[in-house]
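Peer 1: Structure provided below as structure tokens; questions to follow.
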């Protein structure tokens, strides 16, 4: 069997300015840029962050849905993102750029942002009174559906925007739309944005940049020139007489296991993470490797610990990628921590052992330093410690 890759199409964007939102960075961060040769941007706590909300017809619209489905999504009730009835909003987010830069054309990918775990925002109207100071700008592109529905339906406008329908759109704007943009920026970077926001009296901070983006063709509605039906996820193929080359494995700190047989008794280990100097320290609790030994004498405890550990360590693996960690301990533990997964997916997987907060915290940290990663299996403590 083989896995089909969803088709993507390259589309040109010429976003039309909608409105501008001003926030502030609440942490120091290094914002990495996707274009080769561009210098990363060092952001200091308190730096102004401008988000240009712009409209473009070439961005896929949200899928058709009933009002009940839309409200369920906005209330965070559709936590299963594989549900075809769930409502989502495709967003195209540009790279960050400094306010004084003219910008370049970049190739960005479209991101599907589910309406999950939204928090209210404190909106206040401001005028620009600190011109000349440094700032960075993001362009956040959406389909005009969000704007047009608010214009046509006062009740929907009131629900989405969170204000009285008599106040003209797009000011104030939708707290929901802004929270989606803020979440996308925080996911793509290590920034944490203040929810105390300003509404400068401008349509955009600089002109939103024209650029080309890669969009999943399945996001476009049927009948659209760019639409392609989702491919079959699994296709049967004839048995091949030749051996299929194995996929290149990520860097492995522990010995690679020749096979990994799924076992329904495997469980996800509890774990925690914290910043330790310049490194990220992650501790995985693996008490099942060594049984309870309290009735034994000291020398017997040592002998049994070593015997039990030696039985599983040779076939255990710890794989580290910049945004992923995989642990396999035969017959005991399996962990697949994908930091590129959505918040809802992480909560669904790691909420079962009360480590979802750790997963969300680690997701917002920098990428793991694979080249300098170090791991230690502390058998007596029943833990695996990873520094990356």
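In the UniProt record's numbering, the protein residues as written are 1 to 388. No residue lacks a Cβ here, since even glycine has one placed at the ideal position from N, Cα and C.
Nearest-angstrom Cα distance between residue 34 and residue 360?
Peer 2: Whole-angstrom Cα-Cα distance: 23 angstroms.
Peer 1: Take residue 373 as the anchor and find which of 318, 180, 134 has the nearest alpha-carbon.
Peer 2: For residue 373, the nearest C-alpha among the options comes from 318.
Peer 1: Please report how far the alpha carbon of residue 288 lies from the alpha carbon of residue 280, in whole angstroms.
Peer 2: Their Cα atoms are separated by approximately 25 angstroms.
Peer 1: Give me the Cα-Cα distance between residue 383 and residue 269, rounded to the nearest whole angstrom.
Peer 2: Going by the C-alpha atoms only, they are around 10 angstroms apart.
Peer 1: Are residue 344 and residue 370 close, meaning C-beta to C-beta below 8 angstroms?
Peer 2: No. Outside cutoff.
Peer 1: Check this for me: beta carbons of residue 355 and residue 194, under 8 angstroms apart or not?
Peer 2: For residue 355 and residue 194, no; Cβs fall outside 8 angstroms.
Peer 1: Determine the direct distance from the alpha carbon of residue 189 to that of residue 224, and round the result to whole angstroms.
Peer 2: Residue 224 and residue 189: Cα-Cα distance of roughly 32 angstroms.
Peer 1: Please confirm whether residue 272 and residue 376 have their CB atoms less than 8 angstroms apart.
Peer 2: Against a cut-off of 8 angstroms, the Cβ pair of residue 376 and residue 272 comes out as no contact.
Peer 1: Give the straight-line distance between the Cα atoms of residue 53 and residue 18, rounded to the nearest whole angstrom.
Peer 2: Going by the C-alpha atoms only, they are around 6 angstroms apart.
Peer 1: Could you tell me whether the Cβ atoms of residue 147 and residue 55 are closer together than 8 angstroms?
Peer 2: Yes, Cβ-Cβ distance for residue 147 and residue 55 is below 8 angstroms.
Peer 1: Measuring alpha carbon to alpha carbon, tell me which residue in 139, 91, 95, 385 is nearest residue 275.
Peer 2: Of the candidates 139, 91, 95, 385, the one whose C-alpha sits nearest the C-alpha of residue 275 is 385.
Peer 1: Need the endpoints of the beta strand (DSSP E) that residue 54 sits in, please.
Peer 2: Taken as a continuous stretch (DSSP letters only), the beta strand (DSSP E) holding residue 54 covers 48 to 55.
Peer 1: Can you give the Cα-Cα distance for residue 180 and residue 313, rounded to whole angstroms?
Peer 2: Cα to Cα, the separation comes out at about 43 angstroms.
Peer 1: At the level of alpha carbons, what is the spacing between residue 352 and residue 133?
Peer 2: Between residue 352 and residue 133, the C-alpha separation is close to 46 angstroms.
Peer 1: Hey, is residue 338 close to the ligand ZN, as in C-beta under 7 angstroms from one of its heavy atoms?
Peer 2: With respect to the ligand ZN, the structure offers nothing, as it holds no ligand at all.
Peer 1: According to DSSP, which residues form a beta bridge with residue 324?
Peer 2: The partner list for residue 324 (beta bridge, DSSP) reads 321, 338.
Peer 1: Assuming residue 15 contacts residue 139 under a Cβ cut-off of 8 angstroms, what Cβ separation, rounded to an integer in Å, is found between them?
Peer 2: Indeed they touch by this definition, with Cβ atoms about 6 angstroms apart.
Peer 1: Quick check on the burial criterion: 16 or more other C-beta atoms within 10 angstroms. Buried or exposed for residue 210?
Peer 2: Residue 210 is exposed by the Cβ-count criterion.
Peer 1: Using beta carbons (cut-off 8 angstroms, strictly below), is residue 384 in contact with chain C?
Peer 2: Absent from the structure is chain C; it holds one protein chain and no more.
Peer 1: My output table needs one value for residue 213: the three-state DSSP class, helix, strand or coil.
Peer 2: Note: residue 213 maps to strand in three-state DSSP.
Peer 1: Between which two residues does the beta strand (DSSP E) harbouring residue 29 extend?
Peer 2: Its beta strand (DSSP E) spans residues 29 to 31.
Peer 1: Is residue 324 closer than 8 angstroms to residue 337 when the C-beta atoms are compared?
Peer 2: Result yes, Cβ atoms of residue 337 and residue 324 sit closer than 8 angstroms.
Peer 1: By DSSP, does residue 152 sit in helix, in strand, or in coil?
Peer 2: Note: residue 152 maps to helix in three-state DSSP.
Peer 1: Determine the DSSP secondary structure at residue 184, reduced to helix, strand or coil.
Peer 2: It is helical.
Peer 1: Please report the distance separating the alpha-carbon of residue 87 from that of residue 71.
Peer 2: Those two C-alpha atoms are separated by around 9 angstroms.
Peer 1: With residue 90 and residue 219 assumed to form a contact (beta carbons below 8 angstroms), what rounded beta-carbon distance in angstroms separates them?
Peer 2: So it is a contact: roughly 6 angstroms between Cβ atoms.
Peer 1: Starting from residue 22, follow the beta strand (DSSP E) in both directions and report where the run begins and ends.
Peer 2: That run of the beta strand (DSSP E) goes 16 to 24.
Peer 1: Taking the alpha-carbon positions, what's the residue 43 to residue 68 distance?
Peer 2: If you take the alpha carbons of residue 43 and residue 68, they lie about 41 angstroms apart.
Peer 1: Is the beta carbon of residue 93 closer than 8 angstroms to that of residue 184?
Peer 2: Result yes, Cβ atoms of residue 184 and residue 93 sit closer than 8 angstroms.
Peer 1: Note down the Cα distance separating residue 367 from residue 152, rounded to an integer number of angstroms.
Peer 2: The alpha-carbon atoms of residue 367 and residue 152 are separated by roughly 43 angstroms.
Peer 1: Cβ atoms of residue 28 and residue 430: under 8 angstroms apart, would you say?
Peer 2: Within the shown structure, residues of the chain are numbered from 1 to 388, placing residue 430 beyond reach of any answer.
Peer 1: Report the three-state DSSP secondary structure of residue 72 (helix, strand or coil).
Peer 2: In the structure shown, residue 72 sits in a helix (DSSP, three-state: H, G or I).
Peer 1: Just list the residues that DSSP pairs residue 205 with in beta bridges.
Peer 2: Paired residues: none, contrary to the question.
Peer 1: Which two residues bound the contiguous alpha helix (DSSP H) that contains residue 379?
Peer 2: Element bounds for residue 379: n/a, residue is neither H nor E.
Peer 1: Can you tell me where the beta strand (DSSP E) holding residue 135 begins and where it ends?
Peer 2: Where residue 135 is concerned, the enclosing beta strand (DSSP E) stretches over 135 to 142.
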